[in-house]
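Order-wise, the sequence lines are chains B and L. For the first sequence, the working numbering gives the first residue as -8, with consecutive numbering after it. For the second sequence, the working numbering gives the first residue as 203, with consecutive numbering after it. One structure below.
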Amino acid sequence: GGLLCYGNDQAASWLNLADVRSALHVSSAAGNWEACNDTINGAYVQQHNDTTSVFQHILDSQYPLRVLIYNGDVDQACNYLGDQWFIEAFAQTNKLPVTKARADWRYMTQIAGYAKKFDNQNGFSIDLLTVKGAGHMVPTDRPGPALQMMVNFFRNQDY
Amino acid sequence: RKQADRVWNLPGLTYGLNFKQYSGYLNGVSGNYLHYWFVESQGNPSTDPLVLWLTGGPGCSGLMAMLLELGPFHPNPDGKTLFENVYSWNKAANVIFLESPRGVGFSVQDQSLNNDTIWDDERTATDTYLALKDFLTVFPEYINRPFFVTGESYGGVYVPTITSLLIDKIQSGDFPQLNLVGMSIGNGELSAVQQFNSAIMMGYFHGLFSKDNFDSLQQCCNQTKSSSQWFEYCNFAQYIHLGSDGSAIPNDNSFCATQTAYLGQQIFWDSLNNVYNIYQDCYQQDVRAFGSRMTIQNKKKHMKGFIDQGNKVSVSSTDSQ
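If you want it as structure tokens, here you go:
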């Protein structure tokens, strides 16, 4: 019920047009499109109110995985502090070395946020980033920095 | 299926596209059909990575993020036409937007084949894994392509649980065609506990709580415990039960339980601020009041014995107080 500043109404209006549904090959069994299904949200069984054990399983698998955790820093719903504490605690517990100290990253000439890297030199790494001035929907609030961040993550380049 | 799913003409487009796109259904467990919308890269689709996007909720649609966040086009206010997002992530990646779990958006469940009525993280991960396997049968050119799982919000649970399952399947030899390289989570619900604890700090230092309110919580911290981690000795989450809808229900009538629930729930979540961006003004005042009321009514079910703010809200009022 709280995503009302983000154009969901026009998205729903467009997606529920008959010719749009047809163009997208939407099943006749599907109802009207809604951004969020409140029934499922209410019935959903959240099995992890903390995902430390899941991260631990991934790390213990020794699978080489690159992880990017980014946060728009003015979001209340999932705030950057909580995720920072989570990652810092996980890194501390598992003695993940800091391979890049926390420092600003730039978009054009401006500070776009702050980045820190943990890397166990065994293929598992975590990049912990903030996106300055972005809320929950980072690509909406800071589209240029968000695209640069993701492309550089995909290409394993500095942000 | 690939050609059948190809999107040839998109109503409302006001400019020409330079990439291919596909929309249709991927098979999850029997009877579950997850709707996907796949946009190939505007860069080099034959070498750029394959990216799966999952929106959180739980219960929100991946198409929401496609149309309002990172996809190649956004709807205009008329609800009929589209404009280009020049910062689309498919500038450099092939992106699958998946409507997950079953029942979300255009995804469907055939009750004659599957009458499962439970939604949880494990089922969501299994359906997504099977949908990915199905995707690679429809689009075999993406076998062994660098692959990333990405998402947002409750994606903080979806993304690691799905990635963990994919690693298990790859290592057991059940999914050798997937070249999993990484995962990315934006503003994720990595830990509901630490989100709640940090919300107190976030609220105070962004001017949502008074000094009196914040100071009153000192008695709720375990000052005798020596720790360098603030959240370990001020573990406010211990006083409340975290509902799956984000609600905070006080464990009892103690001061710490009611005060942390009040600050972490009512002041933080149920104000008329935009919780998704502290500094954003929202100009859909009537709609917002309705939405806020719905949120309060929904959470009220879990907050017996709490101040019933929901009944004090007039949906027809435009007065923000």
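Beta carbons are placed, not taken as given, at the ideal position from N, Cα and C, and that holds for glycine. Note that the structure is predicted; figures quoted are calculated from it, not measured.
Would you kindly check if the distance between the Cβ of residue j and the Cβ of residue i is under 8 Å?
{"i": "Phe350(L)", "j": "Val253(L)", "result": "yes"}
{"i": "Asn399(L)", "j": "Asn437(L)", "result": "yes"}
{"i": "Tyr105(B)", "j": "Ala94(B)", "result": "yes"}
{"i": "Asp322(L)", "j": "Tyr35(B)", "result": "yes"}
{"i": "Ile372(L)", "j": "Leu380(L)", "result": "yes"}
{"i": "Gly307(L)", "j": "Trp24(B)", "result": "yes"}
{"i": "Ser263(L)", "j": "Glu301(L)", "result": "yes"}
{"i": "Lys293(L)", "j": "Gln244(L)", "result": "yes"}
{"i": "Ala125(B)", "j": "Gly63(B)", "result": "yes"}
{"i": "Asn389(L)", "j": "Asp132(B)", "result": "no"}
{"i": "Asn479(L)", "j": "His127(B)", "result": "yes"}
{"i": "Thr326(L)", "j": "Pro303(L)", "result": "yes"}
{"i": "Pro274(L)", "j": "Val241(L)", "result": "yes"}
{"i": "Val122(B)", "j": "Tyr61(B)", "result": "yes"}
{"i": "Thr365(L)", "j": "Leu419(L)", "result": "no"}
{"i": "Thr352(L)", "j": "Trp255(L)", "result": "yes"}
{"i": "Phe81(B)", "j": "Thr43(B)", "result": "yes"}
{"i": "Val395(L)", "j": "Ala333(L)", "result": "no"}
{"i": "Gln311(L)", "j": "Gly233(L)", "result": "yes"}
{"i": "Leu72(B)", "j": "Trp96(B)", "result": "no"}
Hey, could you find the ends of the beta strand (DSSP E) residue i is sitting in?
{"i": "His237(L)", "result": "234 to 241"}
{"i": "Trp24(B)", "result": "That residue, Trp24(B), is in no beta strand (DSSP E); it is neither H nor E in DSSP."}
{"i": "Ser355(L)", "result": "348 to 355"}
{"i": "Arg57(B)", "result": "57 to 63"}
{"i": "Leu119(B)", "result": "116 to 122"}
{"i": "Trp96(B)", "result": "89 to 98"}
{"i": "Phe377(L)", "result": "First-last for Phe377(L): undefined, no H or E at that position."}
{"i": "Tyr35(B)", "result": "That residue, Tyr35(B), is in no beta strand (DSSP E); it is neither H nor E in DSSP."}
{"i": "Phe109(B)", "result": "101 to 110"}
{"i": "Ile442(L)", "result": "442 to 444"}
Check residue i in the structure and name its three-state DSSP category.
{"i": "Asn40(B)", "result": "coil"}
{"i": "Ala68(B)", "result": "coil"}
{"i": "Asp149(B)", "result": "coil"}
{"i": "Arg133(B)", "result": "coil"}
{"i": "Ala450(L)", "result": "strand"}
{"i": "Leu358(L)", "result": "Correcting the residue identity first, residue 358(L) is Gly in this sequence and not Leu. Here Gly358(L) sits in helix by DSSP."}
{"i": "Gln482(L)", "result": "coil"}
{"i": "Lys86(B)", "result": "coil"}
{"i": "Ser366(L)", "result": "helix"}
{"i": "Arg12(B)", "result": "helix"}
{"i": "Phe299(L)", "result": "strand"}
{"i": "Leu215(L)", "result": "strand"}
{"i": "His4(B)", "result": "The sequence given here has Ser at residue 4(B), not His. Ser4(B): helix per DSSP, three-state reduction."}
{"i": "Asn316(L)", "result": "coil"}
{"i": "Asn389(L)", "result": "strand"}
{"i": "Gln311(L)", "result": "strand"}
{"i": "Gly(-2)(B)", "result": "coil"}
{"i": "Gly73(B)", "result": "helix"}
Under DSSP, the alpha helix (DSSP H) around residue i begins and ends at which residues?
{"i": "Arg325(L)", "result": "323 to 340"}
{"i": "Gly405(L)", "result": "394 to 407"}
{"i": "Cys458(L)", "result": "457 to 463"}
{"i": "Asn415(L)", "result": "413 to 418"}
{"i": "Asp472(L)", "result": "First-last for Asp472(L): undefined, no H or E at that position."}
{"i": "Ala175(B)", "result": "Past the edges of chain B, shown from -8 to 150, lies residue 175(B), and the structure says nothing about it."}
{"i": "Gln467(L)", "result": "No alpha helix (DSSP H) holds Gln467(L); DSSP gives it neither H nor E."}
{"i": "Ala206(L)", "result": "204 to 207"}
Express the C-alpha separation of residue j and residue i in angstroms, rounding to a whole number.
{"i": "Phe492(L)", "j": "Cys(-4)(B)", "result": "The predicted position of Phe492(L) is uncertain, since its pLDDT is 36 and thus under 50; a value taken from the coordinates is nonetheless stated next. In a straight line, the C-alpha of Phe492(L) is about 13 Å away from that of Cys(-4)(B)."}
{"i": "Val477(L)", "j": "Pro136(B)", "result": "22 Å"}
{"i": "Asn500(L)", "j": "Ile451(L)", "result": "Confidence in Asn500(L) is poor, its pLDDT being 46 and thus under 50, which makes the residue's placement too unreliable to answer from."}
{"i": "Gln1(B)", "j": "Leu219(L)", "result": "21 Å"}
{"i": "Val11(B)", "j": "Tyr235(L)", "result": "19 Å"}
{"i": "Gln511(L)", "j": "Asn211(L)", "result": "Residue placement at Gln511(L) cannot be trusted, given a pLDDT of 45 that sits under 50; the coordinates are not used to answer."}
{"i": "Gly405(L)", "j": "Phe470(L)", "result": "7 Å"}
{"i": "Tyr289(L)", "j": "Pro130(B)", "result": "8 Å"}
{"i": "Ser4(B)", "j": "Ser18(B)", "result": "17 Å"}
{"i": "Pro279(L)", "j": "Asp483(L)", "result": "17 Å"}
{"i": "Gln468(L)", "j": "His408(L)", "result": "16 Å"}
{"i": "Lys335(L)", "j": "Pro213(L)", "result": "30 Å"}
{"i": "Thr249(L)", "j": "Ala459(L)", "result": "54 Å"}
{"i": "Asp488(L)", "j": "Asp370(L)", "result": "Here Asp488(L) scores only 44 on pLDDT, less than 50, and its place in the model should not be relied on; the value that follows carries that caveat. Rounded to the nearest angstrom, the two C-alpha atoms are 48 Å apart."}
{"i": "Pro378(L)", "j": "Asn229(L)", "result": "19 Å"}
{"i": "Asn143(B)", "j": "Pro251(L)", "result": "12 Å"}
{"i": "Leu474(L)", "j": "Ala206(L)", "result": "46 Å"}
{"i": "Leu215(L)", "j": "Phe285(L)", "result": "7 Å"}
{"i": "Leu56(B)", "j": "Pro348(L)", "result": "11 Å"}
{"i": "Lys502(L)", "j": "Asp318(L)", "result": "The pLDDT assigned to Lys502(L) is 42, lower than 50, so where the model puts this residue is not dependable; a value taken from the coordinates is nonetheless given after this. For Lys502(L) and Asp318(L), the distance between alpha carbons rounds to 28 Å."}
{"i": "Tyr98(B)", "j": "Tyr217(L)", "result": "28 Å"}
{"i": "Lys86(B)", "j": "Gly358(L)", "result": "22 Å"}
{"i": "Asp118(B)", "j": "Met385(L)", "result": "11 Å"}
Report the neighbours of residue i on chain C: residues whose CB is nearer than 7 Å to its CB, in chain order.
{"i": "Leu444(L)", "result": "No chain C is part of this structure, whose protein chains are labelled B and L."}
For a minimum of 3 consecutive residues, which ranges assigned as the beta strand (DSSP E) are wholly contained in the stretch 218 to 297 of chain L?
223 to 229, 234 to 241, 252 to 256, 275 to 277, 284 to 286
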